[in-house]
Structure formats: C-alpha cells, structure tokens
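In our numbering, the protein residues as written are -10 to 477.
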C-alpha cells in the first residue's frame, strides 16, 4: 500500500519509540514482580505442561507458541527451578514484543505500525495482564510487523523469507486473529480502495498463500475438540441471546466496555471526534457498523447467564472482544497519520498517549492487587492443608470462598504450592460437579487437572511436582469471608 502521511515523521516517531520501549520495560518489571499473579488463569496450566513434559504445551494448532515458549522449555530441560521457568516465560514474551516493536519503530521507521503495535499490546487485552498465556496479542503484533515490512521493504531479498515465516505463525495462532484482520481489511478497503486493490495485485501470491493457510487453520479448528466446541452454534444459543436482549444486560454490557477497556474507549471517542470534525462520514460509519456488528456476535457467543458475568476479570470474555478492539486501534492510528505533524491535534496525540499509558499502568496495579488477594487465598488453603495428612484434597463448593478464581484451582493449586519446592506440592480441587466424583470416590493415584483431564502422580516430573498416591481428603476449612477477584 502507499505510504501514508506521517509514516516517517521524525519527532512523533521518536516520541512513540521512547514511549513504547519505556512501557515495555515497565510491564516487564511489573510482571516479574507479580509473577505469581499472572498465572491465575491459563498460565498455570501451560506452566504445568511445560514443566511436566519438558516440551511445548498443547495449544490447539496454535504453533506461534514455538516462538513464545522457547525460553521456558529450555529452562525446564536445563532443570531450572519452577520460579526460574516462570520468569523465563515472562522474559520470552518481553523479548518477542520488543523485537517486533524495534523492527517497526527503529528499522522500518514506521510510525503507523509502531503506534498500532504499542496500542494493541497496551490497550486490547492487558486488562487481564495476569493471563500471560495468550496467542492473540502476539499474533496481532506479528501481523502489524509483517504488514509494515511489506509496505516498507516489499518482498525484497531476506525480507521475503522473513515475511513468509511471519504469516505462517500469524495464520497458525488464535482463530480470532483472522477475524480481527478480516474486519480491519474491510475497513481499510473502504477507506482507501484503490491502494488496497493495487496492493492485492502486487502481492497476490502472498495473499493467496496466507488465505490458504487461514483456510487450513480453520479446518483444523473444526477437527479440534476444544476449538470446535467454541465454534458451535445451537438453537438454545439463539434463545438465550434473545432472552438476554433487555435493559439489564445491555447496561451490563456498556459497563463491561467501560470497565474492561477504558483506554480503548478514549481512543474510540477520539476517533469519532476527529472524523466528525473532518466530516469523514463514510469511514466513521463503516467503523462504527463493523464494531457494533462484531459486538453483537461477541455477545451471542459469550452468552452470559447473568449480567454480573460480564466483568473485566473474565479473560475469555476479554479475548473474544479482541477483533473489535483491534479495529478501534487501527482506525485511530490510521486517522492520526493523516493529520499534519505540527497541528494541535497531532501534538495533543502525544500527550494523550502518555496519559493513557500511565493510566494503564495505574489500572494494572489495581488489578494486580486483586489478583494478589486471590493468591493469598491459595496460601490460606495451603496452610490449612499442611496441617492435615496427605497432599491431595477437595473442598465442597459450599465451603469455598466465592471470590477464589475457581475455574483454575485444579492446576493453579499444584503450581503455586510447588513454587517453594517439589516436596511442598499440594493438589486441591473443588467438588462441585459430577466430573470430580469418580476421582474423589476412587482411592487411586490419579489427580484431576481440569474437569475432564487427569494424570497419574507417578507421571509427574519429580523435579517440579511430588504428590502422594491415595484418595482425596476433605480439606476442613471455611473461606467464606475473603476478598479477591470476582469469579468469571
């Protein structure tokens, strides 16, 4: 595509480069300090799999983990401690984002790509910063980097091979990344139709290869039990969707948007204001229609049974909204690059970005404190468990603190307890469904790591986890009065 105004602007590019590297460094230090809190969701499960198998975790055909999990897998094979494995995982993500940002800001000197990359990393999913395990943001960041390389270097020399490698990992990441790129492509086509058509003609082979990869990726998704379950549509879903279209749910949805994406909301309203000022009705209308349409689809698939389930602590709800969030980021920065650099609006952008990044750090700090409270609840459970015999326990749901992040207790309890030493390992589950009954009633060596996934205590990597064989024992404790994260 043609170079847009402001792509190589000097002052603004230097500014966003400084801001970007500073923010990346701040998040690295923040994450290293809160290394336990970021494992509350899927992170604990992936850490367990890496440590137990000394290999990459199962990721449902999301091969981008071959880039994201290199350091922790290496650390496990070198017999590093569990804490060192977790810290190396955080460092791996930091290196990945820093390299991508450095390529766009320093090598390609692309203000548009650097800005989109930074905002994608900072504002789209990091409300759930404690969920380090995700393939959506990295793949989107890689897509922005690849797009920048194509339009600034073309398919010349070594860049040709680098770009093909990047689009492979983009295609074989999370399916929602493909949805995000599709929405963005529609909006960009209506913004600058002639440039998009020219780019398609020039890079038709690349587009054909990438499209084929995406089709193959979706075919594989339909064959995977986990992903195909997420893609299922049933008559009951339509019934629930129509039932939930009422004032209480719509109010809860609006509250969710404001609480989960406050900085993104500011970008959206800034974009709307600039487009209204410039009377760019078509680009504004298309962006709003696409955002609203995907929001409807998102609400249909999220399908909250009660309004309070729409909260910013549910990482799945946050993830599913990524395509619309990414579209807002691209729309805003594409608009900013069309403004002359010395205008008041362009100068005001610098101040706005700094304020939003600082607010995001402040906001993440508050989220980390809540996650910290939840980790403390695990510590209370461990203290109670160590006063009893055995290392495998269950808690009836009615005797459990309702603020504990219950969906991941199965594996989080094992990982958190093993941080001190392998011999300190404990496994605690919540007995609230029929799935746990066979494990609880059968005095075997099995431990339950999710509602339908178990493993033998004899197949645990003894360098990291050591549990006793035998039945689960009831953990005599009452955590009804506690604080922490609201349950998803």
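Backbone N, C-alpha and C fix where the C-beta goes; we use that ideal spot for every residue, glycine too.
- Three-state secondary structure (DSSP) of residue 56: helix
- Query: What distance in whole Å lies between the Cβ atoms of residue 239 and residue 314, which are believed to be in contact at a cut-off of 8 Å?
  - Reply: No, residue 314 and residue 239 are not in contact; Cβ-Cβ is about 19 Å, not under 8 Å.
- Query: At what residue ranges does the region 293 to 377 contain a whole run of the beta strand (DSSP E), taking only runs of 3 or more?
  - Reply: none
- For the putative contact between residue 136 and residue 169, defined by C-beta atoms under 8 Å, what is the C-beta separation to the nearest angstrom? Not quite, the Cβ-Cβ distance comes to about 12 Å (not below 8 Å), so this is no contact.
- Endpoints, alpha helix (DSSP H) assigned at residue 33: 31 to 42
- Message: What residue range does the alpha helix (DSSP H) around residue 164 cover?
- Response: 164 to 180
- Message: As a quick exercise: from 5, 95, 81 and 402, pick the residue whose alpha carbon is nearest that of residue 366.
- Response: 402
- Query: Among 104, 179, 183 and 200, which one has its Cα closest to the Cα of residue 153?
  - Reply: 200
- Message: Quick check on the DSSP output: the alpha helix (DSSP H) that includes residue 436 runs from which residue to which?
- Response: Element bounds for residue 436: not the alpha helix (DSSP H) but the beta strand (DSSP E), 435 to 439.
- Query: Could you give the distance in angstroms between the alpha-carbon of residue 166 and the alpha-carbon of residue 128?
  - Reply: 7 Å
- From 276, 359 and 76, residue whose alpha carbon lies closest to that of residue 179: 276
- residue 407 beta carbon less than 9 Å from that of residue 29: no
- Secondary structure at residue 394, three-state DSSP: helix, strand or coil? Confidence is the limiting factor: at residue 394 the pLDDT is only 49, short of 50, which leaves the residue's position unreliable and the question unanswerable from this model.
- Would you report the Cα separation of residue 16 and residue 248, rounded to the nearest angstrom? 20 Å
- Message: Which residue wins for smallest C-alpha separation from residue 156, given the options 145, 14 and 138?
- Response: 138
- Query: If you draw a straight line from the alpha carbon of residue 380 to that of residue 374, how long is it in whole angstroms?
  - Reply: 8 Å
- Message: Rounded to the nearest angstrom, what separates residue 438 and residue 444 at their Cα positions?
- Response: 7 Å
- Which class does residue 451 belong to by DSSP, given the choice of helix, strand or coil? coil
- Query: beta strand (DSSP E) containing residue 444: first to last residue?
  - Reply: 442 to 445
- Message: Does residue 416 come out as helix, strand or coil in the three-state DSSP assignment?
- Response: strand
- Message: Since residue 96 and residue 39 should fall inside the 8 Å C-beta cutoff, what is the C-beta to C-beta distance between them, to a whole number of angstroms?
- Response: The pair is not a contact, with the Cβ atoms about 31 Å apart (cut-off 8 Å).
- Determine the burial state of residue 99: buried for a count of at least 16 other Cβ atoms within 10 Å of its Cβ, exposed for fewer. buried
- Message: On the criterion of 16 or more Cβ atoms from any shown chain inside 10 Å, does residue 278 qualify as buried, or is it exposed?
- Response: exposed
- Task: With residue 192 as the anchor, note down where its beta strand (DSSP E) starts and where it stops.
- Result: It is not in any beta strand (DSSP E) - residue 192 carries neither H nor E in the DSSP assignment.
- Message: I need the DSSP call for residue 46, collapsed to helix, strand or coil.
- Response: coil
- Query: Span of the alpha helix (DSSP H) holding residue 72?
  - Reply: 71 to 91
- Task: Going by DSSP, name the residue or residues bridged to residue 266.
- Result: Beta-bridge pairing links residue 266 to no other residue.
- Determine the direct distance from the alpha carbon of residue 303 to that of residue -9, and round the result to whole angstroms. Annotation note: pLDDT 39 at residue -9 (below 50); position unreliable, coordinate value reported separately. Using only the alpha carbons, I get a separation of about 40 Å.
- Can you check whether the CB of residue 452 is closer than 9 Å to the CB of residue 308? no
- I think residue 41 touches residue 450, with their Cβ atoms under 8 Å apart; what is that distance to the nearest whole Å? 5 Å
- Measuring CA to CA, which of 287, 320, 12 and 342 is closest to residue 305? 287
- Query: Which stretch, first to last residue, makes up the alpha helix (DSSP H) that contains residue 125?
  - Reply: 125 to 142
- Measuring CA to CA, which of 334, 131 and 53 is closest to residue 161? 53
- Task: Quickly, what does DSSP pair residue 382 with across the bridge? List them, please.
- Result: 417 and 462
- For residue 209, which of helix, strand or coil comes out of DSSP? helix
- Task: Mark residue 265 as exposed unless 16 or more other C-beta atoms lie within 10 angstroms of its C-beta, in which case mark it buried.
- Result: exposed
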